[in-house]
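Notes follow the structure.
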Amino acid sequence: MIRTFLDGLYLLAGYLAGGFLIAIFLLMMALSLGREVGLNVPAGDDFAAWSMAALAFLGLAYTFRSGEIIRVGLVLDHLHGAVRRVVEILCLLLGAGTIAFFAWHAVAMTYDSFRFNDMAQGVLAVPLWIPQLGYAVGLTILAIAFVDELVHVLRGYPPRYEKPPPKTPEEVIERAIESGV
Amino acid sequence: MVAELGLVGVAAILLGLLLGLLAFGVWIGVALILVGCAAMLLVTDVPLGPVMATTVWASSASWTLTALPLFIWMGEILFRTRLSEQMFLGLAPWLNWLPGRLMHVNVVGCGIFAAVSGSSAATCATIGKIALPELKKRGYDDSMSLGSLAGSGTLGLLIPPSIPMVVYAVAANVSVIQVFLAGFLPGLLVMGLYSGYIIVWSLLNPAKTPPREPTTSLAHKLRQSARLLPCLLLIVGIFAALILGLATATECAAWGVTGALLLAWGSGTLTRDTFVQSLLSATRLTGMIMLILAGAAFTTAAMAFTGIPAALATWVEAQQLSPYVLIAALTVMYIILGCLIDGISMIVLTTVVVLPMVKQAGFDLIWFGVYLIILVEMAQITPPVGFNLFVLQNMSGRDSFTVARAAMPFFFLLVVAVAIITIFPQIALTLPRLAFPE
């Protein structure tokens, strides 16, 4: 029950992030085409910037679970058994702690914007807490994913973000492309 | 606390912490945030959390950054088309006459694909998928085809658009377009060096190159290449818009996505499935990079509190190093670093510590971006974590040692390229200056 809910939550946030990518694309096309015919999207640049933040942070939990948040395997790849497990738990403890702290303050910042009724400085006076919502929510979901994974590993399972070594050339290529370079 | 430790002490603690965290597999973005926290706790009473939340928000909700996911998405769409088959068939008839013959398809094919893709591994994989088996079938030297492919794949980073260039431009706070434009001529230079090496090698080893294939009529050649036309149009369109200042980098990226979607649709590879896959892959890659950039933004802010970057900059100035010595020292450091970590992290770590130093020494930051990208290219073809080696090792079924050795000459050609652009920085700076006169 909880499992289905959490996995659904990560995936949903991932799809939402994808939606914001489409939004950036459409917005940019509208700005570029609109300029030719003298039409302007008010505060288009602001909306693109906010969509960028939402895209980046809402997708994080889904990216984390897919094992694509990058880490250095130099030492880790040579550890096995109990030692590996201990290091994995330490990493997850540090990760969960850091991201929870980060998420807490992102939420606090967003709440402050709401409380003090901060407005965007651009063409359109949008209340700032609305775009900041994606940031705060995305980090909170990432923190949940970290704690989720920590509990999972503490119960004796191998971490879910770990992928088996690639077998087919296609898998290798995909893995290499995930590195971003 | 900083009084007892001194600046050097603080720097040593932070560096040790960073290396320790990274070595034990803490996610790079998380490790950067932790180092930033440590820096602030050591030297200041300013509350950590609010600084973290506001700096990361300010750096992420950025209009310039939107070019990043769009270029990534464009590459993901094109990677799922049949461009690689068309590239080999379309280029082969034109390069047959050169000494080294079809091995030049690796260089030129990668160069062209690099102009639509921002990733080295994707470029290497896309061109290699067809070129490797075709070259093998025709009896070309294995080691040369592998090496030239590994080397040429890295052009994906240097010839714009380029994912690491966007990361650098954002982290160093310089114009994305200018860095893109600066990479163009050095990219051609590297292609020239690679092709030149293939020519010299073939002239020295005539027995290892298969004979020339029968020439075909011009009409036949043109028909073969016609299918490359849409891709070439896309490239020309993007460059024209960039150089003439018709569009911002982000608008170019959006047009690039449009072009890529049309290309995919035209070739019949645009299905609901590939569309969603390309979108989600782009989303994940963006998230991965953004977490690292978030960590870097916070660490940069935190480091400013410690005064370490400023002290380093002053120290470098006091040493009266010649620029060439500084660049040589940095190059050695980066080559070692490139054996340990991936390219994106290399760039981000750099901007936190090295940039103030480089600025103080009087280097142009646009130029430095190109320099850094060539060093990231080298990291792509040095073991043990060079991704291009990894890709080719699996595509060819050869062991990692063979592939790494095959790539070695091309690694040294990149060192030559670094030397050339250090001595003649105009090669990188001409185009950006032309488009943006100061």
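Residue numbers (my numbering), protein chains in the order written: chain A, 3 to 183; chain B, 791 to 1228. Every residue, glycine too, gets a C-beta built ideally from N, C-alpha and C. Because the structure is a prediction, the values reported are computed rather than measured.
Buried or exposed (CB count within 10 angstroms, at least 16 for buried), residue i
{"i": "Ala1084(B)", "result": "buried"}
{"i": "Val833(B)", "result": "buried"}
{"i": "Met111(A)", "result": "buried"}
{"i": "Leu35(A)", "result": "exposed"}
{"i": "Thr1096(B)", "result": "buried"}
{"i": "Leu126(A)", "result": "exposed"}
{"i": "Val1026(B)", "result": "exposed"}
{"i": "Phe148(A)", "result": "buried"}
{"i": "Gln1110(B)", "result": "exposed"}
{"i": "Asn995(B)", "result": "exposed"}
{"i": "Arg891(B)", "result": "buried"}
{"i": "Arg67(A)", "result": "buried"}
{"i": "Asn119(A)", "result": "exposed"}
{"i": "Val859(B)", "result": "The question names Val, but residue 859(B) is Pro in the sequence shown. That one is buried."}
{"i": "Met121(A)", "result": "exposed"}
{"i": "Pro923(B)", "result": "exposed"}
{"i": "Gly40(A)", "result": "exposed"}
Where the alpha helix (DSSP H) through residue i begins and ends
{"i": "Gly97(A)", "result": "83-117"}
{"i": "Ile1079(B)", "result": "1062-1096"}
{"i": "Tyr1124(B)", "result": "1113-1130"}
{"i": "Thr916(B)", "result": "910-927"}
{"i": "Ile1210(B)", "result": "1190-1213"}
{"i": "Glu1167(B)", "result": "1155-1170"}
{"i": "Ala25(A)", "result": "4-39"}
{"i": "Asp932(B)", "result": "932-943"}
{"i": "Gly1230(B)", "result": "Lying outside 791 to 1228, the shown extent of chain B, residue 1230(B) is not represented and no answer is given."}
{"i": "Asp150(A)", "result": "131-156"}
{"i": "Ile1033(B)", "result": "1019-1033"}
{"i": "Tyr987(B)", "result": "966-994"}
{"i": "Ala63(A)", "result": "62-67"}
{"i": "Gln1014(B)", "result": "1008-1016"}
{"i": "Val1148(B)", "result": "1133-1150"}
{"i": "Ile1217(B)", "result": "1216-1225"}
Through-space distance from residue j to residue i, alpha-carbon basis
{"i": "Thr1121(B)", "j": "Leu975(B)", "result": "21 Å"}
{"i": "Ala1103(B)", "j": "Glu90(A)", "result": "38 Å"}
{"i": "Ala905(B)", "j": "Thr1073(B)", "result": "21 Å"}
{"i": "Met893(B)", "j": "Leu925(B)", "result": "7 Å"}
{"i": "Leu1182(B)", "j": "Asp931(B)", "result": "15 Å"}
{"i": "Met99(A)", "j": "Ser181(A)", "result": "A small correction: the amino acid at residue 99(A) is Gly; Met does not occupy that position in the sequence shown. The alpha-carbon atoms of Gly99(A) and Ser181(A) are separated by roughly 25 Å."}
{"i": "Ile902(B)", "j": "Phe861(B)", "result": "16 Å"}
{"i": "Val1106(B)", "j": "Gly1077(B)", "result": "35 Å"}
{"i": "Met864(B)", "j": "Ala1043(B)", "result": "8 Å"}
{"i": "Cys93(A)", "j": "Ala1037(B)", "result": "44 Å"}
{"i": "Ala1118(B)", "j": "Thr1212(B)", "result": "10 Å"}
{"i": "Ser942(B)", "j": "Asp1063(B)", "result": "31 Å"}
{"i": "Gly140(A)", "j": "Ile1079(B)", "result": "15 Å"}
{"i": "Tyr159(A)", "j": "Pro166(A)", "result": "14 Å"}
{"i": "Gly1035(B)", "j": "His107(A)", "result": "40 Å"}
{"i": "Met877(B)", "j": "Cys900(B)", "result": "9 Å"}
{"i": "Ala959(B)", "j": "Ser849(B)", "result": "12 Å"}
{"i": "Pro1199(B)", "j": "Leu76(A)", "result": "26 Å"}
{"i": "Val1066(B)", "j": "Val898(B)", "result": "31 Å"}
{"i": "Asn896(B)", "j": "Trp887(B)", "result": "15 Å"}
Candidates the options: closest to residue i by CA position
{"i": "Thr916(B)", "options": "Thr1090(B), Ala940(B), Lys927(B)", "result": "Ala940(B)"}
{"i": "Pro1174(B)", "options": "Leu1127(B), Ile1217(B), Leu1204(B)", "result": "Leu1127(B)"}
{"i": "Leu983(B)", "options": "Leu1219(B), Leu1024(B), Ala1209(B)", "result": "Ala1209(B)"}
{"i": "Arg872(B)", "options": "Val1181(B), Leu885(B), Leu1051(B), Ile1079(B)", "result": "Leu1051(B)"}
{"i": "Val1193(B)", "options": "Leu1203(B), Leu858(B), Leu797(B), Leu936(B)", "result": "Leu936(B)"}
{"i": "Trp52(A)", "options": "Ala138(A), Ala98(A), Thr65(A)", "result": "Ala138(A)"}
{"i": "Cys827(B)", "options": "Asp47(A), Ile24(A), Leu96(A), Met31(A)", "result": "Leu96(A)"}
{"i": "Gly226(A)", "options": "Leu23(A), Phe116(A), Ser115(A), Gln134(A)", "result": "Because chain A in this structure spans residues 3 to 183, residue 226(A) falls outside the shown range and cannot be described."}
{"i": "Phe104(A)", "options": "His80(A), Leu29(A), Phe49(A), Phe59(A)", "result": "Phe59(A)"}
{"i": "Val966(B)", "options": "Val1160(B), Val1205(B), Asp1189(B), Ala1197(B)", "result": "Val1160(B)"}
{"i": "Val825(B)", "options": "Leu805(B), Leu1162(B), Phe814(B), Gly815(B)", "result": "Leu805(B)"}
{"i": "Ile920(B)", "options": "Glu875(B), Lys927(B), Leu888(B), Leu885(B)", "result": "Glu875(B)"}
{"i": "Val1138(B)", "options": "Leu1116(B), Leu1162(B), Ile1125(B), Tyr987(B)", "result": "Leu1162(B)"}
Item to complete: Could you tell me whether the segment 1019-1032 of chain B touches the segment 827-844 of chain B, using the rule of 3 or more Cβ pairs below 8 Å?
Response: Taking 8 Å as the limit for Cβ pairs, the verdict is that the segment 827-844 of chain B does not touch the segment 1019-1032 of chain B.
Practice prompt. Check whether the segment 906-916 of chain B touches the segment 162-181 of chain A, taking contact to mean three or more Cβ pairs, one atom from each stretch, closer than 8 Å.
Written response: Counting Cβ pairs under 8 Å, three or more are found: they touch.
Worksheet entry | Three-pair Cβ contact test at 8 Å for the segment 947-962 of chain B versus the segment 1123-1132 of chain B | Touching, no.
Worksheet item: Is the segment 874-892 of chain B touching the segment 135-151 of chain A, taking contact as three or more C-beta pairs under 8 Å?
Response: By the Cβ test, the segment 874-892 of chain B is not in contact with the segment 135-151 of chain A, since fewer than three Cβ pairs between them sit closer than 8 Å.
Worksheet item: If we count Cβ pairs, one from each stretch, closer than 8 Å, do we get three or more for the segment 1213-1227 of chain B versus the segment 813-831 of chain B?
Response: By the C-beta criterion, the segment 1213-1227 of chain B is judged not to be in contact with the segment 813-831 of chain B, since fewer than 3 inter-stretch pairs fall below 8 Å.
Worksheet item: Per the contact definition of three or more C-beta pairs closer than 8 Å, is the segment 1096-1110 of chain B in contact with the segment 1146-1162 of chain B?
Response: Taking one beta carbon from each stretch, the segment 1146-1162 of chain B and the segment 1096-1110 of chain B have 3 or more pairs nearer than 8 Å; the two touch.
Discussion item. Tell me whether the segment 119-134 of chain A and the segment 148-161 of chain A touch, counting them as touching only if at least three CB pairs, one residue from each stretch, are closer than 8 Å.
Written reply: In short, these stretches do not touch, since the Cβ pair count stays below three.
Worksheet item: Okay, do the segment 999-1016 of chain B and the segment 961-981 of chain B touch, 3+ Cβ pairs below 8 Å being the bar?
Response: Short answer: they don't touch.
Worksheet item: How about the segment 1086-1094 of chain B and the segment 840-857 of chain B: do they share at least three Cβ pairs that are nearer than 8 Å?
Response: In short, these stretches touch, since the Cβ pair count reaches three.
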